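So for the sequence shown, the numbering used here puts the first residue at 105; every next one is plus one.
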Amino acid sequence: MTNRMICCLALSLLLGILFGKEQNLLFAAGFLAFAAALGLAAGRDRKKAWERSRLFAENTGCYGEAGCRGLKDTDCRKEAAGYQDSLSAVSRKWSIRAAILFRSLCCLLAFCAGSFQFQTQQQVRNRLETVLEEGAQITLWGEVKKREEKEEQCIYYLTDTRVLAGESIYPSCGILVYSSNLHIRPGNILRVTGSYAPFQISRNEGNFDEKQYYQSKKIEFRLYAEEETLISARERKMSVFLENLRQKFRRVYLQCMSEKDAGLLADMTLGDKSLLDREVKDLYQRAGISHILAISGLHVSLFGMGVFRLLRRLGCPGKLSSLAAVTIAVGFGQLSGLEISTVRALLMFAVQMAAYLLGRSYDTLTALGFSAGIQMWENPFVLEYAGFLFSYGAVLGVAVIAAVLKEPASKDADQRCSGTSFFRRIFKKQRDRKEKAAQGAQEEYNSAWKKWLERFGDSLFISGCIQLATLPLSLYFYYEIPCYGILVNGCILPFLGLLLSLGALGACVGSIFLPAGKTFLYPVGWMLANNEWICRKSLELPGAVWTAGRPELALIACYYVSLAAALYLYRLKGQRRFLAVLGAAVFMILVLRKPPQFEIDVLDVGQGDGILIQTETGEHFFVDGGSSDVPKAGTYRILPFLKSRGITSIQGWAVSHADQDHISGLKELLEAGYSVEALIVAEGMVRDEAGAELLKLAERRGCRILFVSPGMQFGSEEAVFTVWHPQAECAGDRNGNSLALSLEYRNFTGFFTGDIGAEQERQLVEEGKIKEWMEQKGIRGITYYKAAHHGSDGSNSQEFLELLSPELTVISCGEGNSYGHPGKEAVERMREAGSRVVSTMERGQILIQPLP
Numbered sequence: 105m106t107n108r109m110i111c112c113l114a115l116s117l118l119l120g121i122l123f124g125k126e127q128n129l130l131f132a133a134g135f136l137a138f139a140a141a142l143g144l145a146a147g148r149d150r151k152k153a154w155e156r157s158r159l160f161a162e163n164t165g166c167y168g169e170a171g172c173r174g175l176k177d178t179d180c181r182k183e184a185a186g187y188q189d190s191l192s193a194v195s196r197k198w199s200i201r202a203a204i205l206f207r208s209l210c211c212l213l214a215f216c217a218g219s220f221q222f223q224t225q226q227q228v229r230n231r232l233e234t235v236l237e238e239g240a241q242i243t244l245w246g247e248v249k250k251r252e253e254k255e256e257q258c259i260y261y262l263t264d265t266r267v268l269a270g271e272s273i274y275p276s277c278g279i280l281v282y283s284s285n286l287h288i289r290p291g292n293i294l295r296v297t298g299s300y301a302p303f304q305i306s307r308n309e310g311n312f313d314e315k316q317y318y319q320s321k322k323i324e325f326r327l328y329a330e331e332e333t334l335i336s337a338r339e340r341k342m343s344v345f346l347e348n349l350r351q352k353f354r355r356v357y358l359q360c361m362s363e364k365d366a367g368l369l370a371d372m373t374l375g376d377k378s379l380l381d382r383e384v385k386d387l388y389q390r391a392g393i394s395h396i397l398a399i400s401g402l403h404v405s406l407f408g409m410g411v412f413r414l415l416r417r418l419g420c421p422g423k424l425s426s427l428a429a430v431t432i433a434v435g436f437g438q439l440s441g442l443e444i445s446t447v448r449a450l451l452m453f454a455v456q457m458a459a460y461l462l463g464r465s466y467d468t469l470t471a472l473g474f475s476a477g478i479q480m481w482e483n484p485f486v487l488e489y490a491g492f493l494f495s496y497g498a499v500l501g502v503a504v505i506a507a508v509l510k511e512p513a514s515k516d517a518d519q520r521c522s523g524t525s526f527f528r529r530i531f532k533k534q535r536d537r538k539e540k541a542a543q544g545a546q547e548e549y550n551s552a553w554k555k556w557l558e559r560f561g562d563s564l565f566i567s568g569c570i571q572l573a574t575l576p577l578s579l580y581f582y583y584e585i586p587c588y589g590i591l592v593n594g595c596i597l598p599f600l601g602l603l604l605s606l607g608a609l610g611a612c613v614g615s616i617f618l619p620a621g622k623t624f625l626y627p628v629g630w631m632l633a634n635n636e637w638i639c640r641k642s643l644e645l646p647g648a649v650w651t652a653g654r655p656e657l658a659l660i661a662c663y664y665v666s667l668a669a670a671l672y673l674y675r676l677k678g679q680r681r682f683l684a685v686l687g688a689a690v691f692m693i694l695v696l697r698k699p700p701q702f703e704i705d706v707l708d709v710g711q712g713d714g715i716l717i718q719t720e721t722g723e724h725f726f727v728d729g730g731s732s733d734v735p736k737a738g739t740y741r742i743l744p745f746l747k748s749r750g751i752t753s754i755q756g757w758a759v760s761h762a763d764q765d766h767i768s769g770l771k772e773l774l775e776a777g778y779s780v781e782a783l784i785v786a787e788g789m790v791r792d793e794a795g796a797e798l799l800k801l802a803e804r805r806g807c808r809i810l811f812v813s814p815g816m817q818f819g820s821e822e823a824v825f826t827v828w829h830p831q832a833e834c835a836g837d838r839n840g841n842s843l844a845l846s847l848e849y850r851n852f853t854g855f856f857t858g859d860i861g862a863e864q865e866r867q868l869v870e871e872g873k874i875k876e877w878m879e880q881k882g883i884r885g886i887t888y889y890k891a892a893h894h895g896s897d898g899s900n901s902q903e904f905l906e907l908l909s910p911e912l913t914v915i916s917c918g919e920g921n922s923y924g925h926p927g928k929e930a931v932e933r934m935r936e937a938g939s940r941v942v943s944t945m946e947r948g949q950i951l952i953q954p955l956p
């Protein structure tokens, strides 16, 4: 690594960007440690070079000296050696220092440049956020780089933009424009007026961060166009040609295949995700093969290297063949949208062709460092993009881990098969025995079977290496790992090249003669169906998916250090110590987590409720879970949060009432098969139509139904819930019949109110049971109060708040909701009761932990 200067510069640039982003001295300390190691390595390499030079001089130059001066051999050697030592001592010393200084200085410049580049781009992007508000009318100019049609709407990606906000003009790197104009072409320059819409940040732990995602792709905000003016009608002919070709290939897929298969193949070959079925995408992700949906090195190799080898076989000169191959590869990259993984593959392919033209050997790590440095410098925020990290992590898995495991170690080298795969060594004795026993036609059959087995073993081996390299990334971004992912990849990857080749060939032929295209695409449909069958069957196996939750960054760093140590031990000591350290690293990243603590997480689900209660013993309870303004709040807000925490089951899920803003997310989780051990509802829930449907769904999913009434308790030994409302015979609307609960945990008390109104609050005060309970427990005021009915003025009455005297009141409501929640009068009453008031509308997810 240290003798690859480009890789060192790329690593220094990376550390500089991280330092500029986090302002953490750990990254600066890491750089200093790296620079010191680099300097020592440079000095060592230079010293070895001088020793080789000295030996060369002693064995060659001294004899010429002896011939000229007529001295004896022994005298010549002594004189030449002394002369060489005296002449080179000073220059060798300064040469070593110069090498150390030069390498360290270059890396220092790269570190500073990375920090400066991040800070500069951060300031440019933050400038607009400080002067614009959501919905503001702005005007901008920019060039259309690419476009995408979705449901009678066109999305334009503008680059080199200028934004007019107030009386000032601000530069911008990229903007998404949503328009109904379908006649704009790449290369056109537009003047657009519309409403400004910033991207949303993650509202809960584990939720999708829209702003971070688009920022990593150099897109600052979206604009909903209201008026468009074409300033220049110029077109990028190549971009327009490739766009038309892409649409033509897309139509061929739709005409020759089912819509689901067409969407899959369009994504795999064209990078077009508009037709991709969400269910199939989730299936591929859970099975561990979502990487085949990204345009990456395999695609570039198929098109670029395929063209290069074809031209060389036809007798074309090497320069012409390499230039043509790079041109075809770049054209394919533009056709597929130039995603980050595609750009990485193109840059590495260009380095490979340049090495061929210059007569130099190709080094994968140097090419990888070169491409990473280019992409990080062009957009420092790319480090936040999962696709970037997975793309480079997968290549490192092949270039480093696979390369080390294929080499024999210094010890036990005679027991290894040099240059063979890790899995081939396992079956070596059996294979040798079969080779000796094979005869005649049976020998040919065994040979074919052996080749297939070796190919399958190689696929498993490469998949395993990639899995080791990207395991922390999978947990950090997706919170779970497919336990049979290596096996699934081993079954699918050997045929992926054939699938892509037939898919591309079918699109090309089908655009000329459609029936011929169907001939090529028919086996592709069969292969896609086979892939789906393999994925579904793998997920039916026991323990198919391990939900471990998101690991901390420090744990990820420890994992990679342990992995590097394991590889080092493998080269020196053999397999046993390697497997021991590797097993410890995998155990650490999968299992080690902070011990659970008691806490309450009030999730931001928009206009709705969703509250998690976690105990120190690792038990989890949930209160409500739904939203009236966030589509699929259970799928995109509640479930990702639970997965990020590694929570695979809820021991008790209490439902206050059957309004959609309290149960829609729960229904989605039950339909998805999420484990809920018990559903806790009021006795009157069965008389509610929506409530009865929820109970039937829960019973089908194997949930135990617990009907509760005032005075009943449930929970764990230390965290005890008590029911206060409603009475079994209570009549009225849903809100009035909401389940009201109190929670006791040591010195912490909480109260969950559902959507009860002022009348129900008055009844609870007049009954006096809550007051009696507080006096018995010595509670002067509860710790946490869930504001009734999302902070409505019609709830949260003065007498009820004075009774509870909450220290903290949390309001769960959606920004800009049509109900006007929270009410100003209600908030004022909460503050008059001495409570601190916070809301999910302003803060997103709210974490509550009692003081120790």
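Here a beta-carbon is modelled for each residue, glycine too, at the ideal position from N, C-alpha and C. This one's a predicted model, so the numbers in the text were calculated from it and none came from an experiment.
Beta-carbon proximity list for residue i, same chain, < 8 Å, skipping 5 on both sides
i: S779; result: T752, S753, I754
i: A802; result: L774, V780, L783, I809
i: E879; result: none
i: V508; result: L671, Y674, R675
Residue i (DSSP reduced to helix, strand or coil)
i: I399; result: coil
i: Y664; result: helix
i: I530; result: Below a pLDDT of 50, predicted positions are generally treated as unreliable, and I530, at 42, falls in that range; no measurement from the model is reported.
i: E879; result: helix
i: H724; result: strand
i: D705; result: strand
i: C506; result: According to the sequence provided, residue 506 is Ala. The question's Cys does not apply to it. Helix at A506.
Proximity winner among the options, relative to residue i (alpha-carbon distances)
i: L671; options: E656, G687, A658; result: G687
i: I585; options: P627, W650, A608, N292; result: W650
i: G401; options: L118, L427, L442, L380; result: L442
i: Q223; options: Y317, K385, I121; result: I121
i: G712; options: Q701, V727, I704; result: V727
i: K423; options: G435, L462, L716; result: L462
i: G124; options: I293, T297, M480; result: M480
i: I110; options: E932, Q456, S475, L294; result: S475
i: I742; options: A776, G722, R791; result: A776
i: E772; options: F412, T853, G730; result: G730
i: L379; options: Y888, L397, F904; result: L397
i: P627; options: L600, G647, K641; result: L600
i: S116; options: A428, Q127, A214, A202; result: A214
i: Q225; options: L414, Y489, P275; result: P275
i: S899; options: L280, I883, E929, G885; result: E929
Cβ-based neighbour list, residue i, same chain, cut-off 7 Å, excluding 5 preceding and 5 following
i: A573; result: G497, A498, L500, G501, I505
i: C662; result: M692
i: L334; result: N292, L294
i: V486; result: S320, I444, Q479, M480, F492
Residue environment, residue i, which counts as buried when at least 16 other CB atoms sit within 10 Å
i: G174; result: Any reading at G174 needs caution, since the residue's pLDDT is 45, under 50, leaving its predicted position unreliable; the model's value is listed next. Looking at its Cβ environment, which holds fewer than 16 other Cβ atoms inside 10 Å, G174 is exposed.
i: P655; result: buried
i: R251; result: buried
i: S321; result: In the sequence under discussion, the amino acid at residue 321 is Lys, which differs from the Ser named in the question. Result: buried.
i: L676; result: exposed
i: L205; result: exposed
i: D708; result: buried
i: H287; result: exposed
i: C112; result: buried
i: R354; result: buried
i: D763; result: buried
Cutoff 6 Å; reference residue i; Cβ partners in own chain excluding five residues on either side
i: C639; result: L387, A391
i: G610; result: G621, F624, L625
Runs of beta strand (DSSP E) lying entirely within the segment 402-490, each at least 3 residues, in chain order | none
Every unbroken alpha helix (DSSP H) inside the segment 789-830 [4 residues or more] = 793-804
Every unbroken beta strand (DSSP E) within the segment 741-784, with a cutoff of 3 residues, ordered by chain = 756-758
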